[in-house]
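> For what it's worth, numbering that gives the first Met the number 0 labels the leading residue of the sequence shown as 0, then goes sequentially. Glycine included, C-beta positions come from ideal geometry on N, C-alpha and C. Nothing here was measured: the structure is a model prediction, and the numbers come from that model. One structure coming up, written as structure tokens, with questions to follow.
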Amino acid sequence: MPEPGWVDADVRQRAARVKLLALDVDGVLTDGGMYYSAEGEALKKFNTRDAQGVALWQGHGLLAAIITREQSPIVLRRGAKMGVAETHVGVQDKLACVRELVARYGLTLDEVCYVGDDVHDVALMREVGLAVAVADATPLPKRYAHYVTRLAGGQGAVREVCELLLDAQGRSNDV
0 MPEPGWVDAD VRQRAARVKL LALDVDGVLT DGGMYYSAEG EALKKFNTRD AQGVALWQGH
60 GLLAAIITRE QSPIVLRRGA KMGVAETHVG VQDKLACVRE LVARYGLTLD EVCYVGDDVH
120 DVALMREVGL AVAVADATPL PKRYAHYVTR LAGGQGAVRE VCELLLDAQG RSNDV
């Protein structure tokens, strides 16, 4: 398992090839917590810095996707607000979803970076060109990660990944 934040030559080479950034939601774009009101409504807290990182990524004409197992209208709303057209909820097989995306966009799995945090992310992490686990991920996805973020899920980890990818590709990290 790599040290958090450690970028070696292999990670830079993998990052330089990425054209599709795919993201899990709970524990990656959020801190993994779920908040419930007295009426039972589930709420999620997202980090605006992560959204800005995705905006910078997409601003270079690169693809982003949000993929979650949970059936969540909140995620659909957040994906729309972030301008992520490929927002997929209720996905039981994330690897099949990403395979369909790469086929549709004429990419390969080697050109995908996937950011995950738990056991349901491992099958996909084992197949992509750059597998990333957030700092507070469970041990299993960390074992399959090429890169482990310094920051925790929902605390700027996605922004960290976006900046790493853009830097490895010689692209600007600003607007």
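(1) In the DSSP assignment, the beta strand (DSSP E) including GLU85 goes from what residue to what residue?
(2) Is VAL88 closer than 8 Å to VAL74 when the C-beta atoms are compared?
(3) From which residue to which residue does the beta strand (DSSP E) around LEU75 run?
(4) Does the structure place the stretch 146–164 close enough to the stretch 14–32 that three or more beta carbon pairs sit under 8 Å?
(5) Give me the DSSP bridge partner(s) of TYR146.
(6) How many Å lie between GLU2 and ARG142 at the Cα?
(7) Name the residue from GLU99, ALA132, VAL147 and GLY60 whose alpha carbon lies nearest to the alpha carbon of GLN168.
(8) Quick check: the stretch 104–116 against the stretch 126–134, are at least 3 beta-carbon pairs closer than 8 Å?
(9) What residues in its chain sit with their C-beta under 6 Å from that of GLN57, if we drop five residues either side in the sequence?
(10) Quick check on the burial criterion: 16 or more other C-beta atoms within 10 angstroms. Buried or exposed for GLU159?
Per the coordinate set shown:
(1) Along the sequence shown, read from residue 1 onward, the residue named residue 85 stands at position 86. GLU85 -> beta strand (DSSP E) spans 85–87.
(2) On the sequence shown, position 75 is the one that residue 74 refers to. On the sequence shown, position 89 is the one that residue 88 refers to. Against a cut-off of 8 Å, the Cβ pair of VAL88 and VAL74 comes out as a contact.
(3) On the sequence shown, residue 75 is found 76 positions in, with the first residue counted as 1. Per DSSP, LEU75 belongs to no beta strand (DSSP E); it is in the alpha helix (DSSP H), 72–81.
(4) yes
(5) The count along the sequence shown starts at 1 and reaches residue 146 at position 147. Residue pairing from DSSP places TYR146 in a beta bridge opposite VAL131.
(6) Position 3 of the sequence shown holds residue 2. Position 143 of the sequence shown holds residue 142. Distance between the alpha carbons of GLU2 and ARG142 is about 11 Å.
(7) Taking the first residue of the sequence shown as 1, we reach residue 168 at position 169. Minimum Cα distance to GLN168 is reached at GLY60.
(8) yes
(9) Taking the first residue of the sequence shown as 1, we reach residue 57 at position 58. So the list reads ALA63, once near-sequence residues are dropped.
(10) Translated into positions along the sequence shown, residue 159 becomes position 160. When all chains shown are included, GLU159 counts as buried.
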